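> With the working numbering applied, the sequence shown covers 224 to 818.
Just so you know, even glycine gets a beta-carbon here, dropped at the ideal spot from N, CA and C.
Just so you know, these numbers come straight off a predicted model, no measurement behind them.
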Amino acid sequence: MAVIASRPVCGRRGDLESTRSPRIIAGLAMAVSLAFLSGCDSHPKGPTVTELAAQKVETVGDDVSIIAIPPTDLPPEGTRSLFDHIIKENGALPYPFDQLIELVASYDANGEPPITLLIPDGRSLLKGQANFEHPRIVVAATAQPAASDVVLAPILKSRLFMGFVDGADEVEIISYNETAGRFEFQLVKDYAEGKVPKLVYAKRAVCTTCHVGSGPIFPTRPWEETTAQPAIQKAIIEARGNTNAYFGAKIDNQLADAEEFDALTDKANLIPVAQRLWLDGCGASGAGDLCRQQMLALALEYLWDPGSFNETGSDIARLRELQSVAWPKDGIPLDNGDLLNRNPFTDHPADYNWVDWVSSWFAGGNQAELRKVPEDTLAAFEALPRLRAEVDPLTPRLPKKVITAKDLDGIYALAQMFSRQDRALLEKYSEYKISVLQDVLSALPQTTWAARPFSRVLMMQAIMNAFGKTAPEFCCAGDDEMSPPMVSGAPPLAITQGSVLEHFETYCFGCHRGNPSARLDFMNGESEEAVLARIREVSEIPDVLDYERYIGTDKEGRLMPPTKSYQRRLLDQSIQNNEDHLKQMVDAVPSLFDF
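Here is the structure:
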């Protein structure tokens, strides 16, 4: 499809290519007339990122997974992201972005580059800074490590994703944390010439408003936002004036590139659900340990020879029996990381009309102003016209399926956690007999099957030890010789032991300290006194902490922390333990109560 700038497209100025065709002026009158006659459809729009983040409810099901894998901004103590380890191994963060792509490629045995696509008009938080001249680059690692008996190489494939917009001074990172069993959301701030880059962890509640499965998201076929489509390629070439690769990302992508990228994101989204099946599906202990052992035994049998795997028999029946003991009554959702396809040339925001469109043209479409790096990225994003609900990542998406105790998804999800190099090692030391491997699994210590995140590395090392071999080393576990992780937003606050702020930190800071929204960032401050002073100024706090009045009523939903959130579970636990944390927080703002 050709790009015709004079077409009456409804959209923000940055949605249109940055170069103007000479035909525009001649076609403008007709365009305005058509826009007036056809108008733009009005579509409902839901809450903003800020509002969703404030009321974020983690889907945790049984308590087992949230205890084992807490949804905190910073990684659990003693763990770090794969990206952190890559930077540590290489000593520095490469710049510019094409060198970062080359670093990712270096982890492939054959030096094959990762999959890259360009998205000039997309749906990310940095969409206001991207356009056809400066498109957003998205990267999906595909690295396959070389085989080794002495080293377990990190798996980058489906475990590392990056996004970059030139001029936005920021790189977005989603990378797996092997030890913690979760994806981490990170940002490289000040990633620009003459600046000092800073790697921080993003506010998880903000990220998961769109990334509902705690993994990457990507549109579905035919991927019309990306350079998998000739129309996008043509518009970028016209805007840039050349066909050269852009920061190491090619422009002439094929549909196969987008299809592979899509498959990598789908595979990545199986990892969080694999952890839930391992933890919540099997349960805490007792039968849960037996369930995990049976699940892995069958997963390795499937990994060994997928073609001959049989979904019937006594071993399968036994797994279903064990799963039925503790499986959550509502099932375990496979969250949907697929966004509906969107054509940026014909799609338009929900609240845009022909007057806005005409005004944008007479305003001159100042791309430099549109791409100016905002001090508050989230505020700038929310100031843009909202997308139609159908294509907006903020719109809740139904899960792809709800997994029951009768399903065997745990087998397949665990199997894909291993690499082909892992399978080669297991085959070698089992003398290519699956029965030998199964005997070794049965002999592993009972602690192997405890309710903690599944780690492919720890499991491989345990199996190698059981074979009498030296456990292969792994580069990327723990946080030895690493500087403390930083979270985007507010700096760390030194809190005096015994201060009431210890409780606000535990139950409230996750949403209200360092929140990108100034309105919700009311627990920010450089000192205890400053934070307490701000807390006392917020009149809503007494009501949202008034559990005695609202629990069990139709206003229970207004209580904070949000129902089923990580912080709410901790607070409920403290109440059951007769601890006075809630009372201490309430007493911190006594003058605001009005009964």
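In terms of DSSP beta bridges, what is Y730 paired with?
According to DSSP, residue pairing for Y730 in a beta bridge does not occur.
> In whole angstroms, give me the CA-to-CA distance for E763 and V435.
28 Å
> Is the number of C-beta pairs between the stretch 539-556 and the stretch 627-634 that are closer than 8 Å three or more?
Yes, since at least three Cβ pairs between the stretch 539-556 and the stretch 627-634 fall closer than 8 Å, the two stretches touch.
> Could you tell me which residues DSSP pairs with M385 in its beta bridges?
V362 and I396
> Buried or exposed for S508, please, with buried defined as at least 16 other CB atoms from any protein chain shown within 10 angstroms of its CB.
exposed
> Given Y770, which residues of its chain have a CB within under 8 Å of its CB, disregarding the five upstream and five downstream residues?
L782, I798 and L805
> If we call anything under 8 Å between Cβ atoms a contact, is K181 one with Y730?
A question about residue 181 goes unanswered here, because the residues of the chain that appear run from 224 up to 818.
> Nearest CA to the CA of Q661: which residue from D538, A472 and N476?
D538
> The beta strand (DSSP E) spanning L621 covers which residue range?
Note, L621: premise wrong, no beta strand (DSSP E); not H, not E.
> With K457 as the anchor, note down where its alpha helix (DSSP H) starts and where it stops.
P453 to R463
> In whole angstroms, give me the CA-to-CA distance for G284 and C734.
Note that G284 scores 41 on pLDDT, short of 50, meaning its location in the model is unreliable; the coordinates nonetheless yield the value given after this. Their Cα atoms are separated by approximately 21 Å.
> Do three or more CB pairs link the stretch 342-353 to the stretch 309-322 at distances below 8 Å?
no
> Just to confirm before moving on: does the CB-CB distance between V812 and R759 stay below 8 Å?
yes
> Roughly how many whole angstroms lie between the Cα atoms of Q590 and T569?
A caution first: Q590 carries a pLDDT of 49, below 50, which makes its placement in the model too unreliable to give a value.
> Tell me, please, whether the stretch 478-491 touches the stretch 518-527 by the rule of three or more beta-carbon pairs shorter than 8 Å.
no
> Taking the C-alpha atoms as reference points, what is the distance between A522 and R346?
37 Å
> Count the other CB atoms, across all protein chains shown, that sit within 10 Å of the CB of A717; report buried if there are 16 or more and exposed otherwise.
exposed
> Suppose contacts are defined by Cβ-Cβ distances below 8 Å. Is G560 in contact with D489 by that definition?
yes
> Grab the span of the beta strand (DSSP E) containing Q409 for me, first residue to last.
First-last of the beta strand (DSSP E) with Q409: R405 to K412.
> Compute the Euclidean distance between the alpha carbons of L607 and I310, then round it to the nearest angstrom.
34 Å
> Near V388, which residues of its chain fall below 6 Å by C-beta distance, leaving aside the five closest residues on each side in sequence?
L349, Q352, A353 and R359
> Under a Cβ-count criterion, where at least 16 other Cβ atoms within 10 Å of its own Cβ denotes burial, should Q322 be classed as buried or exposed?
Exposed is the call here.
> I'd like the span of the alpha helix (DSSP H) that includes T670, first residue to last.
If you look at T670, you'll find it isn't in any alpha helix (DSSP H); DSSP assigns it neither H nor E.
> Where do the ends of the beta strand (DSSP E) carrying P377 lie?
Segment: none, P377 is in no beta strand (DSSP E) and carries neither H nor E.
> Keeping to the same chain, check which residues put their C-beta closer than 7 Å to that of A700; ignore five residues upstream and five downstream.
Result list for A700: E401, T402 and V680, in chain order.
> Considering only residues of the same chain and omitting the five flanking positions on each side of D475, which have a CB-CB separation below 8 Å?
T450, Q456 and T466
> For R405, I'd like the list of residues in its chain whose CB is within less than 6 Å of its CB, leaving aside the five on either flank, ordered along the chain.
I292
> Taking the C-alpha atoms as reference points, what is the distance between D307 and D703?
Whole-angstrom Cα-Cα distance: 12 Å.
> The beta strand (DSSP E) spanning P556 covers which residue range?
Taken as a continuous stretch (DSSP letters only), the beta strand (DSSP E) holding P556 covers I555 to L557.
> CA-CA distance, L794 and N533?
46 Å
> Hey, quick one: how far does the beta strand (DSSP E) through K426 stretch, first residue to last?
Here K426 belongs to no beta strand (DSSP E), and DSSP marks it neither H nor E.
> To the nearest angstrom, report how far apart R303 and W501 are at their CA atoms.
21 Å
> Flag this pair as yes or no: are the beta carbons of P695 and D372 separated by less than 8 Å?
yes
> From N564, L513 and G530, pick the residue whose C-alpha is nearest to that of L545; which is it?
L513
> What do you reckon, are the CB atoms on I634 and Y525 nearer than 8 Å?
Yes.
> Could you give the distance in angstroms between the alpha-carbon of S398 and the alpha-carbon of Q790?
24 Å
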